[in-house]
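Residue numbering for the sequence shown follows full-length UniProt numbering, starting at 1 and increasing by one per position. Cβ atoms here follow ideal geometry from the backbone N, Cα and C, with glycine treated the same way. To start, the structure itself, in structure tokens.
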Amino acid sequence: CSDPVVTPPSLLVEYGDPAEVNCSIPLKPGTGYWLSWESKSSATQTDSVHSGTGSEISLMWKVDSLTNWEEAENLKCTLVTENSQPNECVSHVNLTIYKRPDSVMLSSLSHVWIAGDQTDLICQIENVGPGRKLSVHWSRADPKENKAFTLFKETSLSDLVNEMTNVNVTVNLNVTARREDDGVQYKCAAVLNLDPVLVVSESQPITITVH
């Protein structure tokens with residue numbers, strides 16, 4: 001048999017949104033066959049079609065609201081035919097589910113910074129996923145110089161490299177206060193690298209007071 005055709009072959013879906021993929025075979029096999037969808041979490045959806053008894057050569061996988069992260073792991077369409085070698089042909093769908101964070105909040109360990117001392121910026125990210133696609137970007141701006149926010153640090157989260165679902169993350173960044181930093185603003189951002197798409201969710205800025 002020939003591999004069934006899945007359309008689209010790749011799918012990027014925001015958590016909670018609807019999704020659908022079509023699976024088709026270009027030609028009806030001359031023998032009996034079985035065309036089915038299989039996924040990690042849902043019951044298998046199948047149409048059993050035999051030569052001469054039906055004309056179904058396509059099958060749709062469809063969900064009204066995609067909220068199960070496991071669907072992304074093994075969504076595939078299978079064609080099984082009688083009396084042919086190989087008698088099972090499989091096409092996988094490259095499905096990526098993502099979720100924007102419920103909140104991104106930046107705070108400072110110290111309300112007032114002392115020049116020359118070290119302190120931590122704390123970025124709290126709630127309910128974002130998948131964790132393996134997440135990194136944290138840090139940016140700053142100096143209103144005294146009328147400068148826009150510029151990225152100065154990126155934190156990768158290697159401990160989440162295998163995390164397929166949503167996570168809550170708190171990331172600290174150690175910085176040394178300088179007297180000229182008085183009035184400087186900082187922001188952090190949760191960044192989902194969904195290649196080639198970047199989904200960026202920023203915190204509100206905080207303003208630093210340095211003594």
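Nonlocal neighbours in the same chain, by C-beta distance under 7 Å from residue i, ignoring five residues either side
i: Ala190; result: Pro101, Val104, Ile125, Val128, Leu134, Val136 and Ser201
i: Arg179; result: Ala115 and Val210
i: Ser58; result: Asn22, Cys23 and Ser24
i: Ser10; result: Asn94
Where the beta strand (DSSP E) through residue i begins and ends
i: Val90; result: Glu88 to His92
i: residue 238; result: With the chain covering only 1 through 211, there is no way to say anything about residue 238.
i: Ser10; result: Ser10 to Glu14
i: Trp34; result: Tyr33 to Glu38
i: Ser24; result: Ala19 to Ser24
Backbone CA spacing between residue i and residue j [nearest angstrom]
i: Pro26; j: Trp37; result: 17 Å
i: Ala19; j: Val169; result: 28 Å
i: Val175; j: Val167; result: 25 Å
i: Ile122; j: Val184; result: 16 Å
i: Pro29; j: Tyr15; result: 37 Å
i: Lys144; j: Asp182; result: 9 Å
i: Glu82; j: Asn162; result: 39 Å
i: Pro196; j: Thr207; result: 33 Å
Buried/exposed call for residue i, threshold 16 Cβ in 10 Å
i: Ile114; result: exposed
i: Ser158; result: exposed
i: Ser110; result: exposed
i: Ser203; result: buried
i: Ala148; result: exposed
i: Ser156; result: exposed
i: Thr150; result: exposed
i: residue 224; result: Given that the chain is displayed from residue 1 to residue 211, the structure contains no residue 224 and the question cannot be resolved.
i: Leu106; result: buried
i: Glu88; result: exposed
Residues near residue i in its chain [Cβ-Cβ closer than 6 Å; skip 5 each side]
i: Pro4; result: Cys23, Ile25, Cys77, Leu79 and Ser91
8 Å Cβ shell around residue i - same chain, five flanking residues per side excluded
i: Phe152; result: Trp138, Ser139 and Arg140
i: Gln118; result: Asn174, Val175, Thr176 and Ala177
3-residue-minimum beta strand (DSSP E) runs that sit fully inside the UniProt domain "Ig-like" (101-207), ordered along the chain: 103-108, 118-128, 134-141, 150-156, 167-176, 185-194 and 197-202
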